[in-house]
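Residues 1498 to 2128 (my numbering) are what the sequence shown spells out, left to right.
Positions of the beta carbon are idealized from the N, C-alpha and C atoms, including for glycine.
Before any comments, here is the structure.
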Amino acid sequence: MKKVLCFLLFMAFGTLTMFGQARVISGIVTSAEDGSPLPGVTVSVKGTTSGAITNVNGNFQIDVLDDSDILVFSFVGLATQEMSVGSQNQLDVVMESDLLEIDEVVVTAMGIRKSKKALGYSVQEIDESQISGAKNMDISKSLQGKIAGVNVKQSSGMPGATSHVTIRGNVSLTGSNQPLYVVDGMPIASEKAFVEEVGTGTNPSSRIVDLNPEDIESISVLKGATASALYGLRAANGVIVITTKSGSAARLAGKKTLVTVNSSFSSDQISRLPELQSTYGQGNGGTLGLWSSGSWGPRIDTLQNYQSQEENLYFDNPYETFDGSAPTQIPKVYNNQEDFFQKGYTFTNSVDISTASDRANYSLGIGRTDQKGIIETTGMIRNNAKFNGNFVLGNRWSASVSANVSSVNIDKIPGGSNLSNPLFTVYFAPRTYDMTNKPFEHDSNPYNQYHYRFAMDNPYWALKHSNYNEVTDRFFGNAAINFQPFDWMKINYRIGLDRFLTTGHEVISLGSGGAGRGYPEFGIMDPAGGQVDDYTYQRQELNSNASISITKDFGEIGLDAVIGNEFYDITTKTHSMTGTNITIGGFDHISNTGTQTVFQELTRQRVIGFYGSATVDYAVLNSNRTERCGV
């Protein structure tokens, strides 16, 4: 019995001695640049799974087992340092900037950060200051002139108008040439809800307008087939990788919580008007014509007073009146184009709350944009809310969540040669026709209009009686889980959802030029026609991505590889109803039309793909290989 007791005491003493060898190393990490504490620095025991992260004050604590242990201090943008523990219990570390690393580390496919020199394709990046500093409501416009090979064309200057982005030119004659947009590691929809017919209808907005530029931290543009291979066929035109703000702003500022408030106001005015001659009046061939759109009538300086169009029924002699009185219209030049446009404005407000701690960093942002166009009835109201966070779940586990909610309300005008397009007749207004001050509707019936052109709408009448509205409510986001079983291997799974609903309500009023305009001057008293278009476009996209990445050195040979599986499912539903021949003017409802036509469409697309990419370095040589297959 005494032997057993002695053995147990010996084992207990040995165990206490073994555990007694472990000790806690603490310290503070500061910046060599200004001496400020550095939060978020990773501290690990080399060759083990033991690790810690500095807090907002730069302090850390970590367990070590032996005096020969080496602590590794690392942070993106700073030079990695290794320090031997020795017999000391306090280690204070000063870290210096690694400018080369800052310049060369960029966000690439699947949200992976890599050094530019290790890439086999071209990539360029712009940061937060270049994006928000431009104060563009559409982030795609922020790319213009900042990245080589990227061309941005605006469809118009109206609020919410589509921007067409191409990377290194067009590659298709019939299909889309737009790049794929990826937000926080997951592809999102960017295309328009529908393709407008040439010369008719309104210009639908692309869905990139849903993003708030104030929420963006950086944008990377991946060019070439190799860059987009991991994303498959839908990225054949290149990839625009967008990273939204997380808690890094608070961490870099050395604060636990950082609140940023942005408010801006800008004024817009038309930049250029057509140069018009001011020698000849309304008409053609030197003859005055009150219903003509030409400005090649008599010389203005030779014209005598004539009867206005609204009072004149004599096509052959505009100088006559019913009662024999003198005509009242004084020939002079009018600035119809300049008078039609107003000053627009854009008012934006946003708040971003960034938080950083030992175990998490995240950002919560809300924003609102109010935009009034340079045409009276046009404008856009956009509301945004977003959350982006990264969380440490354990020594080997981490997770991230990104969520964006938006609501965009746009008032538009029709485009092209649509007979109700105000610009279609404003720019053609004759030099001696006073469009601004003349009445545009009859007192007896506001749906009978005055205009110098047949079958077309007076622009002021069209702005008052017709309307074109588009509303989009959207959610998109993703969640990811990361596991690092070894220092050289990372396993990632990310799932994302993008869902939005666009509803449109467009009214071409009773009495419009293209659908039944009345002409009381010629005995056609009752206006007719009119059209109501109601449509909905719903899209849902589910993305799933699993990947394994390996970064390991084998002596002089280095391997950087990723393999994975991607699955995405896209469903779109389109419903539209067109009603023609409005019965009661001003009651803009589909039930107030004589004939209704219904259209419905459902499309589904499902793709499963496998991809892989590998980069092998040997001494100063570098080889790249990327493959993808899908069904």
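Beta-ladder partner(s) of residue i, from DSSP
{"i": "THR1663", "result": "ASN1648"}
{"i": "GLU1622", "result": "SER1717"}
{"i": "ASN1781", "result": "THR1784"}
{"i": "ASP2031", "result": "HIS2002 and MET2074"}
{"i": "TYR2166", "result": "Coverage of the chain is limited to positions 1498 through 2128, which leaves residue 2166 absent and any answer about it impossible."}
{"i": "MET1683", "result": "VAL1680"}
{"i": "SER1792", "result": "GLY1780"}
{"i": "VAL1573", "result": "In the DSSP output, where bridge partners are listed per residue, VAL1573 has none listed."}
{"i": "TYR1803", "result": "GLN1826"}
{"i": "GLY1548", "result": "SER1541"}
{"i": "SER1775", "result": "SER1775 pairs with nothing; no bridge assigned."}
{"i": "GLU1579", "result": "VAL1569"}
Any non-hydrogen atom of the ligand GDP within 7 Å of residue i CB
{"i": "THR1999", "result": "The ligand GDP is absent from the structure shown, which contains no ligands of any kind."}
Same chain, Cβ closer than 7 Å to residue i, neighbours up to 5 away in sequence not counted
{"i": "SER2023", "result": "Correcting the residue identity first, residue 2023 is Asp in this sequence and not Ser. GLY2015, listed in sequence order."}
{"i": "PHE1510", "result": "With a pLDDT of only 41 at PHE1510, under 50, the local geometry of the prediction cannot be trusted, and no value is derived from it."}
{"i": "GLU1530", "result": "SER1594"}
{"i": "GLY1646", "result": "ILE1664, ARG1665 and LYS1720"}
{"i": "ASN2089", "result": "ILE2079, THR2080 and ILE2081"}
{"i": "LEU1861", "result": "ILE1850 and PHE1884"}
{"i": "SER1687", "result": "GLN1675, TYR1678, SER1703, ARG1704 and ILE1705"}
{"i": "LYS1752", "result": "VAL1553"}
Neighbour-count burial assignment, residue i, 16 or more Cβ in a 10 Å radius
{"i": "GLY1696", "result": "Confidence at GLY1696 is low in this model, with a pLDDT of 43, below 50, so its placement is unreliable and the value that follows should be read with caution. GLY1696 comes out exposed."}
{"i": "GLY1912", "result": "buried"}
{"i": "THR2112", "result": "buried"}
{"i": "TYR2115", "result": "exposed"}
{"i": "THR2100", "result": "exposed"}
{"i": "THR1514", "result": "Here the model assigns THR1514 a pLDDT of 37, short of 50, so the residue's position is not dependable and the matter cannot be decided."}
{"i": "PHE1921", "result": "buried"}
{"i": "VAL1573", "result": "exposed"}
{"i": "ASN1892", "result": "exposed"}
{"i": "GLU1817", "result": "exposed"}
{"i": "ASN1901", "result": "buried"}
{"i": "VAL1758", "result": "exposed"}
{"i": "THR1494", "result": "This structure gives no information on residue 1494, because the portion of the chain shown stretches from 1498 to 2128."}
{"i": "ILE2021", "result": "exposed"}
{"i": "TRP1894", "result": "exposed"}
{"i": "MET1986", "result": "exposed"}
{"i": "THR1784", "result": "exposed"}
{"i": "LEU2084", "result": "Here residue 2084 turns out to be Phe, not Leu, going by the sequence shown. Exposed, since its Cβ has fewer than 16 Cβ neighbours within 10 Å."}
{"i": "PHE2096", "result": "exposed"}
{"i": "GLY1821", "result": "exposed"}
{"i": "ASP1681", "result": "buried"}
{"i": "SER1585", "result": "It is worth fixing the name first, because residue 1585 is Gln in this sequence and not Ser. Exposed is the call here."}
Close-in-space but distant-in-sequence residues of the same chain around residue i (CB under 6 Å, 5 per side omitted)
{"i": "VAL2059", "result": "SER2044, SER2046 and SER2110"}
{"i": "TRP1793", "result": "TYR1777 and ASN1781"}
{"i": "ASP1600", "result": "Reliability fails at ASP1600, whose pLDDT of 46 lies under 50, so the model's placement of it is uncertain and the value that follows must be treated cautiously. Same-chain partners within the cutoff: there are none."}
{"i": "LYS1543", "result": "ILE1567 and VAL1569"}
{"i": "GLN2035", "result": "LEU1998 and LYS2070"}
{"i": "ALA2025", "result": "GLY2013"}
{"i": "SER2041", "result": "ILE1992 and PHE2064"}
{"i": "SER1897", "result": "ASN1887 and ALA1977"}
{"i": "VAL1756", "result": "ILE1850"}
{"i": "LEU2007", "result": "TYR1944, PRO2024, GLY2027, ILE2079 and GLY2082"}
{"i": "THR1845", "result": "SER1761 and THR1866"}
{"i": "ASP2030", "result": "GLU2003 and THR2075"}
{"i": "ILE1623", "result": "LYS1643 and ILE1716"}
Chain-order list of residues whose beta-carbon lies under 8 Å from that of residue i (same chain, five-residue window excluded)
{"i": "LEU1770", "result": "GLN1834 and GLU1835"}
{"i": "GLU1772", "result": "none"}
{"i": "VAL1582", "result": "ILE1522, VAL1561, ASP1563, ASP1564, SER1565, ASP1566, ILE1567, LEU1568 and LEU1588"}
{"i": "GLN1839", "result": "ILE1871, ILE1872 and GLU1873"}
is_contact[residue i, chain B] using C-beta, thresh 8 Å
{"i": "ASN1709", "result": "The structure shown contains no chain B; it is built from a single protein chain."}
Count the CB pairs spanning the stretch 1968-1982 and the stretch 1928-1944 that are closer than 8 Å, and state whether there are at least three.
-> no
Whole alpha helix (DSSP H) runs in the stretch 2036-2091 with 4 or more residues, listed along the chain?
-> none
Fully enclosed by the stretch 1814-1866, which alpha helix (DSSP H) runs are 4 residues long or longer?
-> 1833-1837
Count the CB pairs spanning the stretch 1961-1979 and the stretch 1815-1830 that are closer than 8 Å, and state whether there are at least three.
-> no
Every unbroken alpha helix (DSSP H) within the stretch 1922-1997, with a cutoff of 4 residues, ordered by chain = 1956-1962
Could you tell me whether the stretch 1740-1747 touches the stretch 2076-2088, using the rule of 3 or more Cβ pairs below 8 Å?
-> no
Contact the stretch 1857-1871 vs the stretch 1546-1565: 3+ CB pairs below 8 Å | no
Contact the stretch 1786-1801 vs the stretch 1874-1885: 3+ CB pairs below 8 Å = no
Would you mind listing the beta strand (DSSP E) stretches within the stretch 1884-1926 that are 3+ residues and don't spill past its ends, in chain order?
-> 1894-1909
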